[in-house]
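Numbering (our numbering), first residue to last: 2 to 258.
Ideal placement from N, C-alpha and C gives every residue a C-beta, glycine not left out.
Because the structure is a prediction, the values reported are computed rather than measured.
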Amino acid sequence: MNKILILLLSLLLVFPAHAQNNKKDMVYLKSGGVIKGQLITHDTEIVKINSSGNEWVFKNEEVDSIAKFSRASRSISHTNEAHGYKQGFFFDASMGALIGSSHNAQEAPFSFMSSMNVRMLGNVYLGVGAGAEFLQETYMPAFGQLQIRFRDSKFTPFINLQAGYQVPLEDSRSYPPMYYSSSSYIWPYPQPTQKLEAEGGYLINPSLGFQRFTSNNFGWFFSFGYRYHELNYKGDNGYRLETTLSRLSLKIGFIFN
Numbered sequence: 002m003n004k005i006l007i008l009l010l011s012l013l014l015v016f017p018a019h020a021q022n023n024k025k026d027m028v029y030l031k032s033g034g035v036i037k038g039q040l041i042t043h044d045t046e047i048v049k050i051n052s053s054g055n056e057w058v059f060k061n062e063e064v065d066s067i068a069k070f071s072r073a074s075r076s077i078s079h080t081n082e083a084h085g086y087k088q089g090f091f092f093d094a095s096m097g098a099l100i101g102s103s104h105n106a107q108e109a110p111f112s113f114m115s116s117m118n119v120r121m122l123g124n125v126y127l128g129v130g131a132g133a134e135f136l137q138e139t140y141m142p143a144f145g146q147l148q149i150r151f152r153d154s155k156f157t158p159f160i161n162l163q164a165g166y167q168v169p170l171e172d173s174r175s176y177p178p179m180y181y182s183s184s185s186y187i188w189p190y191p192q193p194t195q196k197l198e199a200e201g202g203y204l205i206n207p208s209l210g211f212q213r214f215t216s217n218n219f220g221w222f223f224s225f226g227y228r229y230h231e232l233n234y235k236g237d238n239g240y241r242l243e244t245t246l247s248r249l250s251l252k253i254g255f256i257f258n
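Structure representation (structure tokens):
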């Protein structure tokens, strides 16, 4: 299920990129001028556009934004600013670990996440995403994401907040006998070696990180934060079990515009 979601998110990113090849472009200069034509070069140093047979070359510092128009619809389909790190959207994919105590059954389970994000205001981005995490069972974290970048530059720190729900991808798991004192808040007491059905639970993951763009359309990032999530189970005779995990989250990932 998570593979299908990741594939769909990737297609949402790749398809607009291919669709832009046959669009007429407009370069808006900080001086107030506007050049219409076909974009030739747009990299980290210069912007080159062909207008009525004449080639215009500008430094990125001179360019305010670039607008791309669809010949078919004659309307703006997407607006990009001069640098990739100022784009109106981005797709990211990350992998990492949820690090806990050495006394935990799983010291550092693997985590993979991906998300699609849209710029809302200034350096504030909102997005949605999903992934895969291998805990006692395999889960798909489905989450919303808020990201705030500190500045518009190739290298910038950022803060990130993910909140959502752990969706179980496995039906159940067998558990050994568990014994509780008479003061236990869990009732009725579980029977030895019963199967519990995973129901998932809420998650929240604030983090701090750093991003580095190596080109207009590609970058990488590293982040660390605090992960808290609940995992709920149900068994026979109305038995329920709730576990909570508090972990250090470490991630490294890639950004695509």
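- In the structure shown, the three-state DSSP call for Gly239 is helix.
- Proximity of the stretch 124-139 to the stretch 218-227 falls short of the contact definition, fewer than three beta-carbon pairs being nearer than 8 Å.
- A check of alpha carbon separations from Lys235 across Glu243, Arg228, Gly54 identifies Glu243 as the nearest.
- Taking a C-beta distance under 8 Å as the contact criterion, Phe225 and Ser247 do not qualify as a contact pair.
- Secondary structure note for Glu56: its beta strand (DSSP E) is the uninterrupted segment 55-60.
- Taking 8 Å as the cut-off, the beta carbon of Phe90 is found closer than this to the beta carbon of Val119.
- If you ignore the 5 residues before and after Phe135, its C-beta comes within less than 7 Å of the C-beta of Pro110, Phe111, all in its own chain and listed in chain order.
- Sorting Asp65, Asn258, Ile47 by C-alpha distance to the C-alpha of Gly34 places Asp65 at the top.
- Counting along the chain, no beta strand (DSSP E) covers Asn258, and no H or E run does either.
- Around the beta carbon of Gln39, fewer than 16 other beta carbons lie within 10 angstroms, which makes this residue exposed.
- Listed as beta-bridge partners of Pro142 by DSSP are Gln167.
- Here Leu232 is buried: its Cβ has 16 or more other Cβ atoms, across all protein chains shown, within 10 Å.
- A Cβ-Cβ separation of about 5 Å places Thr139 in contact with Glu171 under the 8 Å criterion.
- Going by DSSP, Ser154 is part of no beta strand (DSSP E) at all; its letter is neither H nor E.
- Between the alpha carbons of Ala199 and Ile205 lies a gap of roughly 19 Å.
- Apart from sequence neighbours up to five positions away, the residues of its chain that approach Asn161 with a beta-carbon distance below 6 Å are Gln148, Ser208, ordered along the chain.
- When the Cα atoms are used, Asn124 and Asp153 turn out to be separated by approximately 7 Å.
- With respect to Met96, Ile253 sits close: the two C-beta atoms are nearer than 8 Å.
- Asn206: member of the beta strand (DSSP E) spanning 196-216, first to last residue.
- For Ala109, there is no enclosing beta strand (DSSP E), as DSSP marks it with neither H nor E.
- In the DSSP annotation of this structure, the continuous segment of the beta strand (DSSP E) that includes Asn51 starts and ends at 47-52.
- Beyond the five residues adjoining it in sequence on each side, Leu99 comes within less than 6 Å, by CB distance, of Pro110, Ser112, Arg228, Arg248, Ser250 in the same chain, given in chain order.
- One alpha carbon belongs to Lys196, the other to Thr245, and they sit about 19 Å apart.
- The beta carbon of Phe211 is closer than 8 Å to those of Phe156, Thr157, Pro158, Phe159, Phe222, Phe223, Ser224 in its chain, skipping five residues each way along the sequence.
- If the five residues before and after Val168 are omitted, its C-beta is found closer than 6 Å to the C-beta atoms of Met141, Ala143, Gly201, all from its own chain and listed in chain order.
- Taking the C-beta atoms as reference points, Ile67 is found no nearer than 8 Å to Val58.
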